[in-house]
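>
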Amino acid sequence: MIVTIEGVITSKELIKKDTENGPKISTELLLAQTGEKMQTPIRLQGDKRDQFELFEVNTFTGELLSWKTRDGIGNMIMVRDENE
105 MIVTIEGVIT SKELIKKDTE NGPKISTELL LAQTGEKMQT PIRLQGDKRD
155 QFELFEVNTF TGELLSWKTR DGIGNMIMVR DENE
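Position 7 (the sequence shown) corresponds to 111 in the working numbering; numbering is contiguous.
1) Nearest to Thr163 by CA position, among Glu110, Arg174 and Asp122, is which residue?
2) Between Gly176, Pro127, Ser130 and Leu158, which has its C-alpha nearest Met142's C-alpha?
3) When we look at the beta-carbon of Ile146 and count the other beta-carbons within 10 Å, is it buried (16 or more) or exposed?
4) Taking the alpha-carbon of Glu117 as reference, which of Gly166, Asn179, Glu140 and Lys152 has the nearest alpha-carbon?
5) Can you tell me which of the three DSSP states Arg147 falls into?
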């Protein structure tokens, strides 16, 4: 499911994952939304930390990923590159 989400960036982190095809780099942002207790992770492909400032409002459109956890349901928004 494709969703659009708006909120305030509270964290930005570089994620490195080793794969068979070499390291895969992505940027993870945490987004706080008005009226929500949990922050929503936003995953972007590549190192895009310099494109975003902490505590600025942004809107993202991407694929909603969700999974079962011990405490309920986990979720994140995966923003894929346009050329994929």
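All residues carry an ideal CB built from backbone N, CA and C; glycine is no exception. A quick note: this is a predicted structure, and the numbers were derived from the prediction, not measured.
Judging by the given coordinates:
1) Among Glu110, Arg174 and Asp122, the Cα nearest to that of Thr163 belongs to Glu110.
2) The shortest C-alpha to C-alpha distance from Met142 to any of Gly176, Pro127, Ser130 and Leu158 is the one to Gly176.
3) With 16 or more other CB atoms across the displayed protein chains lying within 10 angstroms of its CB, Ile146 is buried.
4) Of all alpha-carbon atoms in Gly166, Asn179, Glu140 and Lys152, the one lying nearest the alpha-carbon of Glu117 is that of Lys152.
5) Strand at Arg147.
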